[in-house]
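Count along the sequence shown starting at 1, add 31, and that's the number in the numbering used here. In this text, a Cβ means the ideal position worked out from N, Cα and C, and glycines have one as well. Working notes, beginning with the structure itself.
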Amino acid sequence: MSDSHGQADWGECTIATCSVERSIFQYRPSLVANSLFIALFGISMIIHIYQGVRWRQRTFAILMAMGCISEMIGYGGRIMMYNDPWSFTAFIMQIVTITFAPVFFTAAIYIQLYKSILKLSPGSALFKPALYFQIFIPADVISLVLQSVGGAMSSQSDGSSKTGVNIGLAGLSFQVIFLFTFVVLSLLFAWSYRKDVKAGRATTENLDGRFKWFLGFLTLATTLIFVRCSYRIYELSGGYSGSALHSQAEFITLESCMVIIAVYALNIGHPGLVFDPRKSDTTTAGEKNLHRASESSIEV
């Protein structure tokens, strides 16, 4: 049997018996591209683990590794769909894990705003620095839960549950809203910090070239993930039968490339360059505040 869109039922067809246009994607996922992304995420994960050990950035390394593992599982699902475009198990594997994987990356990014404020000028923040962490990390968890629940409901209904799709979309929308809020608050802190420096209420002793390098790549990663999340809302807004799901070029450009560049940007501009606890004997007030807060609240 087929649905109203001409799509064959899950497991009904094979490459030998049906045209790929009757599959949910209406294309055969690229074996080369998906294998490449698995390799790239794997390499980045290894680098992140090494950097995390070298610079003692354990939380950041764990979050980045979890995100990379989720991505690799997802692209593994797409390789399975190359062999069988009608495999429901492979479809759910890739749609769920690739959708929620960046939640781990955004969590890693959110922590950096908290640490940057402590290092540069806690007094320039709109509210206590710890609140940045306490607001955004729970929001990320809620987004992850919603996307996971949506995927689980879809898996129980052979992909026909509109409720599952809508819950997943709610999770993505929640992520985009808070990511946008994060950007706004970051810009407000930058404006306030610059004003305080001019007024002599803050210094630029910690804002050296290395810190600017870190902030530049953190900004790049944040922007790319924001673009990616916005695309996924558009892609899934039509459900699993929407036309946006049928373009492999759009998926590779606006999903795969956005995320892999963001992940490597966080390798290049790694927070260990500026938040290395081995240098805790420094005398700057900002660094003392950072280490004191880290010890008393969370290990970041």
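> Going straight from the alpha carbon of residue 44 to that of residue 136, what length do you get?
Replying inline: 37 Å
> Secondary structure at residue 293, three-state DSSP: helix, strand or coil?
Replying inline: helix
> Just the Cα atoms here: how many angstroms apart are residue 51 and residue 63?
Replying inline: 18 Å
> Does DSSP classify residue 209 as helix, strand or coil?
Replying inline: helix
> From residue 282 to residue 154, what distance separates their C-alpha atoms?
Replying inline: 42 Å
>> Would you call the region 201–213 in contact with the region 160–172, where contact means no fewer than 3 C-beta pairs closer than 8 Å?
In response: yes
> If you draw a straight line from the alpha carbon of residue 286 to that of residue 58, how long is it in whole angstroms?
Replying inline: 17 Å
> What residues in its chain sit with their C-beta under 6 Å from that of residue 108, if we drop five residues either side in the sequence?
Replying inline: 121, 124, 125
> What are the boundary residues of the alpha helix (DSSP H) that residue 172 is part of?
Replying inline: 160–187
> How would you label residue 247, buried or exposed, when you count the other beta carbons within 10 angstroms and need 16 or more for buried?
Replying inline: exposed
> If you draw a straight line from the alpha carbon of residue 297 to that of residue 240, how long is it in whole angstroms?
Replying inline: 17 Å
> Which whole-angstrom value describes the C-beta separation of residue 202 and residue 267, a residue pair presumed to lie in contact below a C-beta threshold of 8 Å?
Replying inline: Actually they are not in contact, since the Cβ atoms of residue 202 and residue 267 sit about 10 Å apart, beyond 8 Å.
> Got a sec? Which residues, its chain only, sit under 7 Å from residue 314 by beta carbon, not counting five neighbours each side?
Replying inline: Residue placement at residue 314 is flagged as unreliable, the pLDDT there being 36, under the threshold of 50; the coordinate-derived value follows with that caveat. There are no such residues.
> Which stretch, first to last residue, makes up the alpha helix (DSSP H) that contains residue 305?
Replying inline: Unbroken run through residue 305: none, as it is neither H nor E.
>> Let's see if you can read the secondary structure: which residues bound the alpha helix (DSSP H) around residue 65?
In response: 62–85
> Would you say the beta carbon of residue 211 comes nearer than 7 Å to a heavy atom of the ligand SAH?
Replying inline: With respect to small molecules bound, the structure shown includes none, and the ligand SAH cannot be examined in it.
>> Helix, strand or coil for residue 50? Go by DSSP, reduced to three states.
In response: coil
> Is it buried or exposed for residue 187, if we count other Cβ within 10 angstroms and need 16 for buried?
Replying inline: exposed
> So does the region 74–87 actually touch the region 293–307, counting three or more Cβ pairs closer than 8 Å?
Replying inline: yes
>> Using 8 Å as the threshold, is the C-beta distance between residue 92 and residue 82 below it?
In response: yes
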